[in-house]
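*Asks:*
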Amino acid sequence: MNFSSIGYLIREGFKNIWSNRIMSLASIGVLISCLVLTGSAIMLSVNVSTIVESVGDSNVTTVYLEDDITELEAVYVGKSIEKVDNITQASFYPKDEAILAYKDVLGEEVFVNMSGDDNPLPHAYHVVMADLSQYDKTVEQLLKVEGVNSVSSRSDVAEKLTSLNTLVTMMSFWIILALAIISLFIISNTIRMTMFSHRFEISIMKSVGATNSFVRTPFVIEGVIIGLVSAGVSIGALALLYDAVFKAVQNILPLDYVPFSDVMWFIIIAFTAAGVIVGALGSLLSIRKYLKKEGNEILGW
Amino acid sequence: MIEFRNVSKVYSNGTHALDNVNLTVDKGEFVFIVGASGAGKSTFLKLIMHEESPTKGAIIVNGMHLEKLKRRKVPFLRRTMGIVFQDFRLIGKMTVYDNVAFAMRCIGKKTKTIKKRVPYILELVGLKDKAHNKPSELSGGEQQRVSLARALVNNPEMIIADEPTGNIDPEMSYEIIELLSEINKRGTTVLVVTHEHELVESFGKRVVRIEGGAVVNDTKDDDVMVAI
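Given below as structure tokens:
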């Protein structure tokens, strides 16, 4: 195929869209809705997993020592704790430091009575585990260490967020799949209509010896253009929408949300690829049956 | 060149369209194929264009064995033949020029080549002045000449005209056959399918008569008989 042909086929693709503009517009609309929904699902999923990860990062577990352990004894216990498998770090957390956290809550007067020798808190170690999934086993071992009284339970929030993350990811996957199928169907229907209105030209093309790929190309280009336009509009719409939601949610529940710019390139590439693939595939699906026909069959005579 | 060897065609609905047809058309010949409707003329043409495959027998068209032709080779078979339809099959929204140029576009010819070739062909069929008219602004005879120009533009080895005079006035019919005859003189094989006996007789070319799916008469054989 030479440049004249490529130019011609691309022009034909654009002409197809224009001559079938109502349907093209409708399918662009549906595609945009699908892509924005897909994007929302992706953004929700990304945010949930980021929040889960940030909670996971602070996976500091507190190991409380027996009440009567002195600071000196605590150093020895600390050495034993460090030897436990899966513990990467153990830092001493003296009770004098721990009580400071309660200073504001208790009020100056009560605090004075609770500091020094009257401190009711035990000494503790903050430990970091290499692998959180080994949590239960590690805790079992820690409790065997002499001088260890108890271990703080794993953050419930982290656990719940992890399961939420799985749920959101699963749901996003199915939503995206369903929307992809809908988009494919819509595009292939639009192309089918263009093709139907061009069946006469197609029959002539075949009778003068156009190859199947030549007949196919303008329709594939039509599908790809619809896909690309939809992707472009969707990226913009998603950016604006996300920004607005981002600000609103930040006020209600201030967490470390992912800013759109962090995922912008991923979204641009993913949407563009999705638009091109869905557009091309949709048109290929509908043209297949036309290309199998010969002569008057194409015209339905 | 066309060669049919013991060709039979039975459609999936059980219709025996052609029955053991043997026929050879040499390069540069002008042949009329005549027969009543339903005799098998259309099937004959569809087999040549490879819109249908034979149930039995071998078909060779312009050096290609059609009974074992691969799907992706079909377009290249069709490029060796120009087809003229009874109903012209012109694209209404395109000008005469674009209709002819379309056939060149379809096989990937360069715009430069198209710009040179189309006016030449339009002049050949006497439609240079109508290049920028729409088909609907032309008479039946003129439309058929556009159709012929489109068939010729890719310089095929063979022109197949399916009832080319079916939709036009008798005088115009004569003109179209004259034009085909002119093209034939330049070395292109011409195959005209028609049921108009008078027209056929007045030209004195080879006539192949098909009836009930079989070749019942071929004037070429008569010549041989006379020669003997």
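Protein chains in written order, with the numbering used here: chain A, 533 to 833; chain B, 22 to 249. Here a beta-carbon is modelled for each residue, glycine too, at the ideal position from N, C-alpha and C. Please read these numbers as outputs of a predicted model, since none were measured by experiment.
1. Can you check the region 644-722 of chain A for any alpha helix (DSSP H) of at least 4 residues that lies completely inside it and give the ranges in chain order?
2. Taking 7 Å as the threshold (C-beta atoms), are Leu674 (chain A) and Val683 (chain A) in contact?
3. Could you please give the first and the last residue of the uninterrupted beta strand (DSSP E) stretch that includes Asp40 (chain B)?
4. Do the region 28-43 of chain B and the region 754-761 of chain A make contact, defined as three or more Cβ pairs closer than 8 Å?
5. With DSSP run on the structure shown, which of helix, strand or coil describes Leu90 (chain B)?
6. Classify Arg793 (chain A): buried if its beta carbon has 16 or more other beta carbons within 10 angstroms, exposed otherwise.
7. DSSP beta-bridge partners for Arg724 (chain A)?
8. With a threshold of 6 Å on Cβ separation, who are the neighbours of Thr240 (chain B) within its own chain once the five nearest residues in sequence on each side are excluded?
9. Taking 6 Å as the limit between beta carbons, can you name the residues of its chain near Thr209 (chain B), skipping five residues before and five after?
10. What are the residues in the region 543-566 of chain A lying within 7 Å of chain B by C-beta distance?
11. For a contact meaning CB atoms closer than 7 Å, what does Thr743 (chain A) contact in chain B?
12. Going along the chain, which residues of its own chain have a beta-carbon closer than 6 Å to the beta-carbon of Gly187 (chain B), five neighbours each way excluded?
13. Just how far apart, CA to CA, sit Gly84 (chain B) and Arg543 (chain A)?
14. Val740 (chain A) CB to nearest chain B CB: under 7 Å?
15. Within the continuous beta strand (DSSP E) that includes Asn238 (chain B), where are the two ends?
16. If you follow the beta strand (DSSP E) that Tyr625 (chain A) is in, where does it begin and where does it stop?
17. Using the beta-carbon of each residue, which ones in chain B are nearer than 9 Å to Gly827 (chain A)?
18. Have a look at B:Tyr141, B:Lys155, B:Glu178, B:Val139 and flag the residue whose alpha-carbon is nearest the alpha-carbon of Leu212 (chain B).
19. Only counting the same chain, and skipping five residues up and downstream in sequence, which positions put a Cβ closer than 8 Å to that of Ile848 (chain A)?
20. What residues in its chain sit with their C-beta under 6 Å from that of Ala662 (chain A), if we drop five residues either side in the sequence?
21. In angstroms with no decimal places, state the Cα-to-Cα distance between Asp636 (chain A) and Val790 (chain A).
22. Count the other CB atoms, across all protein chains shown, that sit within 10 Å of the CB of Ala805 (chain A); report buried if there are 16 or more and exposed otherwise.
23. Could you give the residue range of the alpha helix (DSSP H) that holds Asp788 (chain A)?
24. List, in chain order, every chain A residue whose beta-carbon is nearer than 7 Å to that of Thr132 (chain B).
25. Indicate whether the contact test is met: 3 or more Cβ pairs, each with one atom in the region 48-66 of chain B and one in the region 110-123 of chain B, closer than 8 Å.
*Replies:* Inspection of the coordinates gives the following:
1. DSSP assignment within the region 644-722 of chain A yields the following whole alpha helix (DSSP H) runs of 4 residues or more, N-terminal first: 667-676.
2. Their beta carbons are under 7 Å apart, which means Val683 (chain A) touches Leu674 (chain A) by this criterion.
3. 37-46 is the span of the beta strand (DSSP E), which, as asked, contains Asp40 (chain B).
4. The answer is no - the region 754-761 of chain A does not touch the region 28-43 of chain B, with fewer than three Cβ pairs under 8 Å.
5. DSSP places Leu90 (chain B) outside both helix and strand once states are collapsed to three, so it counts as coil.
6. The question names Arg, yet the displayed sequence has Ser at residue 793 (chain A). With fewer than 16 other Cβ atoms within 10 Å, it is exposed.
7. Arg724 (chain A) has no beta-bridge partner at all, per DSSP.
8. Arg227, Val228, listed in sequence order.
9. Hits under 6 Å: Ile180.
10. Within the region 543-566 of chain A, no residue places its CB atom closer than 7 Å to a CB of chain B.
11. Here the neighbours are Pro96.
12. For Gly187 (chain B), where only same-chain residues beyond five positions count, the Cβ hits under 6 Å are Gln107.
13. Whole-angstrom Cα-Cα distance: 36 Å.
14. Chain B contact via Cβ: present.
15. Looking at the DSSP string, the run of the beta strand (DSSP E) that includes Asn238 (chain B) is 235-239.
16. First-last of the beta strand (DSSP E) with Tyr625 (chain A): 619-625.
17. Chain-order list of chain B residues neighbouring Gly827 (chain A): Lys67, Met70, Glu72, Glu73, by C-beta distance under 9 Å.
18. The shortest C-alpha separation from Leu212 (chain B) is found at B:Glu178.
19. With chain A represented from 533 up to 833, any question about residue 848 (chain A) goes unanswered, as that position is not in the structure.
20. The answer, listed in chain order, is Asn618, Thr620.
21. Each residue's Cα considered, the two are about 33 Å apart.
22. The residue is exposed, with fewer than 16 neighbouring Cβ atoms inside 10 Å.
23. For Asp788 (chain A), there is no enclosing alpha helix (DSSP H), as DSSP marks it with neither H nor E.
24. Ordered by position in chain A, the residues that pass the 7 Å Cβ test against Thr132 (chain B) are Ser536.
25. Contact fails: fewer than three Cβ-Cβ distances are below 8 Å.
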